Amino acid sequence: MIIFKTTEEKVPRLRAFLEKEHPCETPEIIEVQVARVNAHYLSRVVESVAV
Numbered sequence: 076m077i078i079f080k081t082t083e084e085k086v087p088r089l090r091a092f093l094e095k096e097h098p099c100e101t102p103e104i105i106e107v108q109v110a111r112v113n114a115h116y117l118s119r120v121v122e123s124v125a126v
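Rendered as structure tokens:
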């Protein structure tokens, strides 16, 4: 299992990349939406995501 942290707006791009590059025909991709998050942590995530 691998966990990717990204912003909601970048999820479609990440999902498309994973579906294209994953060696399995049907990779298991599970999206978890966060109800609340520490504002400082969220700011750090937003600044650091590339995809």
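Add 75 to the 1-based position in the sequence shown for the numbering used here, that's all there is to it. For each residue, glycine too, the CB sits at the ideal point set by N, CA and C. Bear in mind the structure is a predicted one, so any value in this text is a computation, not a measurement.
State the start and end residues of the unbroken alpha helix (DSSP H) segment that holds residue i.
{"i": "residue 119", "result": "114-123"}
{"i": "residue 79", "result": "That residue, residue 79, is in no alpha helix (DSSP H); it is neither H nor E in DSSP."}
{"i": "residue 87", "result": "86-96"}
Taking residue i as the reference, give the member of the options with the closest Cα.
{"i": "residue 76", "options": "102, 88 and 83", "result": "102"}
{"i": "residue 91", "options": "104, 80 and 82", "result": "104"}
Keeping to the same chain, check which residues put their C-beta closer than 8 Å to that of residue i; ignore five residues upstream and five downstream.
{"i": "residue 124", "result": "80, 81, 82 and 85"}
{"i": "residue 94", "result": "102 and 104"}
{"i": "residue 106", "result": "86 and 90"}
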